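Numbering (our numbering), first residue to last: 4 to 168. Presented below is the structure to which this report refers.
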C-alpha cells in the first residue's frame with residue numbers, strides 16, 4: 004500500500020521510514036494510494052517516457068552550451084539555474100543576489116516548478132542605465148507611433164473623400 008507525499012509527489016512503499024520521519028523535501032503529509040492505481044500510474048509513466056537518440060542529446064547539449072556561452076569548455080557541466088528570485092510562499096522569497104545584480108540577465112521569479120515570471124522592465128532598465136532616460140525613450144517612441152497612426156488615419160479619410168467624389 005504505497006503512500007505519496009503531498010508536497011513533492013514522491014511515492015513510498017508501505018511501512019517506509021519516510022512515513023514516520025517525513026519526506027526528504029520536508030513534507031509530513033502523505034496520500035494513501037491503492038496498489039492497483041499505483042501500478043496503473045507506473046505503467047502510464049513508462050509509456051510516456053521517450054528515450055532520446057544520442058544525436059538528439061548531442062544537439063540539445065550543443066544548443067544549450069551556445070546559449071550559455073560555455074562552448075570553449077565542452078567537458079564542464081552545464082548548470083541551468085535560471086531564477087534570481089524564488090517565491091517560497093506569499094511574502095517569503097529566496098533571493099540570488101549574484102543573478103539579481105548581474106547586468107545582462109533579467110530578473111526571473113520562480114513561482115513553482117515550470118512557472119516563471121520574467122521582469123522585462125528591469126532588464127530594459129539594466130540595459131539603458133538611467134531610468135529617466137529610459138522613460139524618455141519610451142515616451143518618444145509612443146509619440147512617433149501616435150503620429151504614424153494619426154497620419155495613416157488622415158490618409159484613409161482623404162482616400163475615402165476622394166473615392167466618394
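For each residue, glycine too, the CB sits at the ideal point set by N, CA and C. Just so you know, these numbers come straight off a predicted model, no measurement behind them.
Per DSSP, residue 13 lies in no alpha helix (DSSP H) and is assigned neither H nor E. In the DSSP annotation of this structure, the continuous segment of the alpha helix (DSSP H) that includes residue 20 starts and ends at 20 to 24. Assignment of beta-bridge partners to residue 78 by DSSP yields no partner. Of the candidates 18, 8, 47 and 41, the residue whose Cα lies closest to the Cα of residue 33 is 8.
A direct Cα-to-Cα measurement between residue 68 and residue 59 gives close to 14 Å. The beta carbon of residue 120 sits closer than 6 Å to the beta carbons of 112 from its chain, once the five residues preceding and following it are set aside; these are given in chain order.
Among the bridge pairs identified by DSSP, residue 95 is matched with 92. Excluding its 5 nearest sequence neighbours in each direction, residue 36 has C-beta neighbours in its own chain below 6 Å: 5 and 7, listed in chain order. Take residue 38, set aside five residues on each side of it, and the residues of its chain with a beta-carbon closer than 8 Å to its own are 4 and 5, in chain order.
Secondary-structure assignment with DSSP links residue 115 through a beta bridge to 118.
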